[in-house]
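Since the structure comes first, as structure tokens, the remarks are kept for the end.
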DNA sequence: CGTTCGATGCACT
DNA sequence: GTGCATCGAACGT
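Numbering (the numbering used here), first residue to last: 783 to 995.
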């Protein structure tokens with residue numbers, strides 16, 4: 783059962799944190815894939831220099847200005863689709879980037895898609911949806927899913943009561959502008975989480991906390 | 001281990 | 001024409 787739109791129509795940082803432990807489900811051509819969200823990043827409106835809305839409304843970022851609970855998907859580096867979830871009431875151009883999943887349904891489909899893309903074969907389960915570009919590939923999410931209503935029955939999120947572990951916040955990965963804002967959150971100790979972990983090498987300031995940054 | 005770098009498409013200036 | 005919210009192969013230490 784999809785999460786209600788009210789779930790998304792809240793503060794982006796709250797939604798990002800609450801998405802951890804929720805399950806992303808994609809049904810396409812009879813194949814279902816699903817995974818638990820273990821890592822996400824908040825992009826918070828026109829005043830956030832890393833947010834696509836920092837330049838004001840454009841053709842690309844238009845979905846962010848619309849109703850919450852919709853997908854914002856775009857092609858990045860000409861290679862990878864990145865999947866975002868639009869948050870906050872319409873008119874507030876905010877979204878949460880999903881960066882990693884713990885796969886739970888359709889592992890064989892995921893493995894086939896990853897292998898078809900780059901010939902990546904024999905991947906361990908925890909690498910199938912590790913990283914924002916990898917998870918869209920494994921889940922079969924493409925530009926066709928841009929603006930999809932996540933309150934429908936094709937691409938949606940649901941609460942399966944997965945026990946959520948400790949949450950940590952850190953700076954966002956792969957950006958330059960706005961790199962000082964600790965708006966990446968993840969479940970500590972989950973092998974599917976991309977990049978560096980709290981307390982991991984580099985010690986780049988991840989804070990273990992259930993609270994907001 | 002670590003860092004660099006090419007692939008590849010398109011939105012935006 | 002410039003610059004990416006990436007990935008992983010290839011190289012250096």
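Ideal Cβ positions, reconstructed from N, Cα and C, are used throughout, including at glycine.
Could you say if the region 787–795 and the region 848–863 meet the contact criterion of at least three C-beta pairs nearer than 8 angstroms? yes
When we look at the beta-carbon of residue 811 and count the other beta-carbons within 10 Å, is it buried (16 or more) or exposed? exposed
Counting C-beta neighbours from all protein chains within 10 Å, is the total for residue 783 16 or more, i.e. buried, or is it exposed? exposed
Residue environment, residue 903, which counts as buried when at least 16 other CB atoms sit within 10 Å: exposed
Take the Cβ of residue 982 as the centre, count every other Cβ of all protein chains shown within 10 Å, and call the residue buried at 16 or more, exposed below. Because the pLDDT at residue 982 is just 33, under 50, the model does not fix this residue reliably, and the value given afterwards should be weighed accordingly. Burial call: exposed.
Minimum length 4: unbroken alpha helix (DSSP H) runs contained in the region 861–931: 889–900, 914–921
According to DSSP, is residue 794 helix, strand or coil? helix
Which one or two residues does DSSP pair with residue 859 in a beta bridge? Paired residues: none, contrary to the question.
Beta-carbon spacing of residue 923, residue 823 below 9 angstroms: no
For residue 857, which of 870, 843, 868 has the nearest alpha-carbon? 843
Other residues of its chain near residue 942: CB distance less than 7 angstroms, five sequence neighbours each side excluded: 805
Please determine if the region 827–846 and the region 888–899 are in contact, where contact requires at least 3 C-beta pairs separated by less than 8 angstroms. no
When you compare each of 907, 910, 927 to residue 808 by their alpha carbons, which one comes out closest? 927
For the putative contact between residue 940 and residue 785, defined by C-beta atoms under 8 angstroms, what is the C-beta separation to the nearest angstrom? 6 angstroms
Counterpart residues of residue 826 in DSSP-defined beta bridges: 876
Using 8 angstroms for Cβ pairs, my map puts residue 929 next to residue 845. What's the rounded Cβ distance? 5 angstroms
Check whether residue 882 and residue 975 have beta carbons under 9 angstroms apart: yes
First and last residue of the beta strand (DSSP E) that includes residue 933? No beta strand (DSSP E) holds residue 933; DSSP gives it neither H nor E.
Would you decide whether residue 906 is buried or exposed? Buried here means 16 or more other CB atoms lie within 10 Å of its CB. exposed
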